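If you count the sequence shown from 1, you need to add 226 to reach my numbering. To keep things clear, I will list the structure first and then write my remarks on it.
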Amino acid sequence: MLVELHVHLDGAIKPETILYFGKKRGIPLPGDTVEDLLQHISYTEPLTLTQFLEKFTFYMPAIAGDRDAVRRIAYEFVEMKAKEGVIYVEVRYSPHLLANCKVHPVPWGQKEGDLTPDEVVHLVNQGLQDGERDFNIKARSILCCMRHMPSWSLEVVELCKKYQNNTVVAIDLAGDELLVAETFPEHRKAYEEAERCGIHRTCHAGEVGSPSVIKEAINVLKTERIGHGYHVLEDPALYKELLNRKVHFEICLLCSVLTGACGPDFRKHPVIQFMNDKANYSLNSDGPLILNSTIETDYKIAKQFLDFTEEEFKRVNINAAKSSFLPEKEKKELLSKLYEAYGMVPNNPS
Ligand SMILES: O=c1[nH]cnc2c1ncn2[C@H]1C[C@H](O)[C@@H](CO)O1
227 MLVELHVHLD
237 GAIKPETILY
247 FGKKRGIPLP
257 GDTVEDLLQH
267 ISYTEPLTLT
277 QFLEKFTFYM
287 PAIAGDRDAV
297 RRIAYEFVEM
307 KAKEGVIYVE
317 VRYSPHLLAN
327 CKVHPVPWGQ
337 KEGDLTPDEV
347 VHLVNQGLQD
357 GERDFNIKAR
367 SILCCMRHMP
377 SWSLEVVELC
387 KKYQNNTVVA
397 IDLAGDELLV
407 AETFPEHRKA
417 YEEAERCGIH
427 RTCHAGEVGS
437 PSVIKEAINV
447 LKTERIGHGY
457 HVLEDPALYK
467 ELLNRKVHFE
477 ICLLCSVLTG
487 ACGPDFRKHP
497 VIQFMNDKAN
507 YSLNSDGPLI
517 LNSTIETDYK
527 IAKQFLDFTE
537 EEFKRVNINA
547 AKSSFLPEKE
557 KKELLSKLYE
567 AYGMVPNNPS
């Protein structure tokens with residue numbers, strides 16, 4: 227029984243669904259079988275984060291701008307997670323990157339259409355809620371600002387406000403930290419507004435970027451969790467502070483190696499330090515389509531290379547539940563389920 231907090235909806239699409247919509251909409255794809263397509267999209271030897279992010283350009287044109295596709299990827303996502311044994315998931319995406327109207331520039335070289343970022347959120351919500359009903363797990367969503375598109379960020383926070391508690395629980399800042407190290411004022415304003423309105427905050431930081439990006443995420447953006455954060459170890463004082471504050475790190479093992487964020491030897495992975503220090507972290511799949519993985523792959527890597535024990539497995543998932551963005555009452559219910567499944571008597575169930 228698992229809790230997953232860091233996975234991108236647009237990085238977790240079934241290849242069959244991409245092929246279906248590519249064909250239906252007459253949108254060229256780099257392959258016409260699942261194997262062909264995966265050969266172009268997924269990979270097994272480390273690249274850079276920039277190259278990882280370029281993979282989205284192969285298949286997003288088949289999905290973006292299509293109402294049925296957007297609803298369906300959200301629904302199938304919940305089905306996929308239920309099959310993997312996840313009972314609670316927070317899935318993130320950029321509404322703008324799935325739209326083709328009221329978004330500048332229109333992404334993926336699409337022609338202007340009539341699907342707005344607002345309607346994208348509505349459709350994803352429908353897909354997630356239908357999935358929750360049919361597959362009996364809980365799914366919440368996080369809306370992403372993109373580092374290179376500050377002009378979208380204030381709309382992202384407005385969408386978080388509009389759909390707060392209608393699956394949306396938080397705001398994120400994703401994209402390439404190396405290409406755009408600067409945190410534009412628009413991102414800062416969006417996070418300020420999120421805090422003001424009680425919208426939770428997470429932020430990609432220190433994945434490939436330096437500890438200063440993490441510092442800024444904590445001190446300026448007032449983020450509650452850190453997406454990745456591996457490079458925090460390069461600043462021992464900051465690391466100690468975040469340990470003391472029990473800040474949650476959303477760790478994505480396979481992704482961290484295939485994006486070049488961490489070195490190729492899992493036996494030297496920063497998460498070993500996190501484990502030893504009993505840091506507050508979770509294990510997550512991030513972009514399973516591109517990594518050709520499931521959440522199980524990440525747990526297998528942890529067991530095979532990191533001496534990840536059954537006890538650590540339970541601790542990590544309980545920490546994930548505690549650091550989730552659910553309201554307190556639902557968080558308690560989630561924790562009770564985990565304690566029961568893990569045969570634990572909680573000392574302090576809250
Ligand atoms: O690992 C990542 N780091 C930074 N940005 C990422 C990562 N995985 C996906 N993204 C970007 C690309 C997606 O289109 C966007 C929203 O899900 O977030």
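All C-beta atoms in this analysis are idealised placements derived from N, C-alpha and C, irrespective of residue type, glycine included. All of these numbers come straight from a predicted model, not from anything done at the bench.
{"Asked": "Any non-hydrogen atom of ligand 1 within 6 angstroms of Gly435 CB", "Found": "no"}
{"Asked": "Beta-ladder partner(s) of Glu230, from DSSP", "Found": "Val315"}
{"Asked": "Ser508 - DSSP class collapsed to helix/strand/coil", "Found": "strand"}
{"Asked": "Identified DSSP bridge partners for Ile477", "Found": "Leu509"}
{"Asked": "beta-carbon Leu447 near ligand 1 non-hydrogen atom, thresh 6 angstroms", "Found": "no"}
{"Asked": "Tyr319 beta carbon near ligand 1 (any heavy atom closer than 6 angstroms)", "Found": "yes"}
{"Asked": "Close Cβ partners of Lys563 (< 8 angstroms) along its chain, the five nearest in sequence each way excluded", "Found": "Met227 and Ile313"}
{"Asked": "Enclosing alpha helix (DSSP H) for Lys558 [first to last residue]", "Found": "Glu554 to Ala567"}
{"Asked": "Where Val571 falls: helix, strand or coil (DSSP)", "Found": "coil"}
{"Asked": "Span of the beta strand (DSSP E), counted from its first residue to its last, around Lys364", "Found": "Lys364 to Met372"}
{"Asked": "Buried versus exposed, by CB contacts within 10 Å (16 or more), Met570", "Found": "exposed"}
{"Asked": "Extent of the continuous alpha helix (DSSP H) run through Leu385", "Found": "Ser379 to Lys388"}
{"Asked": "Between the CA atoms of Glu305 and Gly311 - distance to the nearest angstrom", "Found": "10 angstroms"}
{"Asked": "Identity of the residue in Ser508, Ser511, Leu484 and Ala308 nearest Phe278 by Cα", "Found": "Leu484"}
{"Asked": "Exposure label - Thr535; buried when at least 16 CB within 10 Å", "Found": "exposed"}
{"Asked": "Three or more C-beta pairs below 8 angstroms linking the segment 319-328 and the segment 290-304", "Found": "yes"}
{"Asked": "Bridge-paired residues (DSSP) for Asp398", "Found": "Cys370"}
{"Asked": "Pairwise C-alpha distance: Ile498 and Ser508", "Found": "13 angstroms"}
{"Asked": "Cβ pair count under 8 angstroms reaching 3, the segment 488-503 against the segment 245-257", "Found": "no"}
{"Asked": "Gly237 beta carbon less than 7 angstroms from that of Gly513", "Found": "yes"}
{"Asked": "For Pro254 and His266, the rounded distance between their alpha carbons", "Found": "13 angstroms"}
{"Asked": "Gly432 versus Asp503 - alpha carbon distance", "Found": "19 angstroms"}
{"Asked": "Buried versus exposed call for Glu522 [16 or more other C-beta atoms within 10 Å across all chains shown]", "Found": "exposed"}
{"Asked": "N-terminal and C-terminal residue of the alpha helix (DSSP H) that Ile440 is part of", "Found": "Pro437 to Asn445"}
{"Asked": "Residue ranges of each alpha helix (DSSP H) within the segment 238-311, 4 or longer", "Found": "241-251, 260-267, 275-280, 282-289 and 293-309"}
{"Asked": "As assigned by DSSP and simplified to three states, the class of Ile516", "Found": "helix"}
{"Asked": "Alpha-carbon spacing of Trp334 relative to Met286, whole angstroms", "Found": "7 angstroms"}
{"Asked": "Three-way DSSP call (helix, strand, coil) for Ile211 in this model", "Found": "The requested residue 211 does not occur in the structure, where the chain is confined to residues 227 to 576."}
{"Asked": "Integer Cβ distance of His168 from Asn506, believed to fall under 8 angstroms", "Found": "For the chain, the structure presents residues 227 to 576; residue 168 sits outside this window and is missing."}
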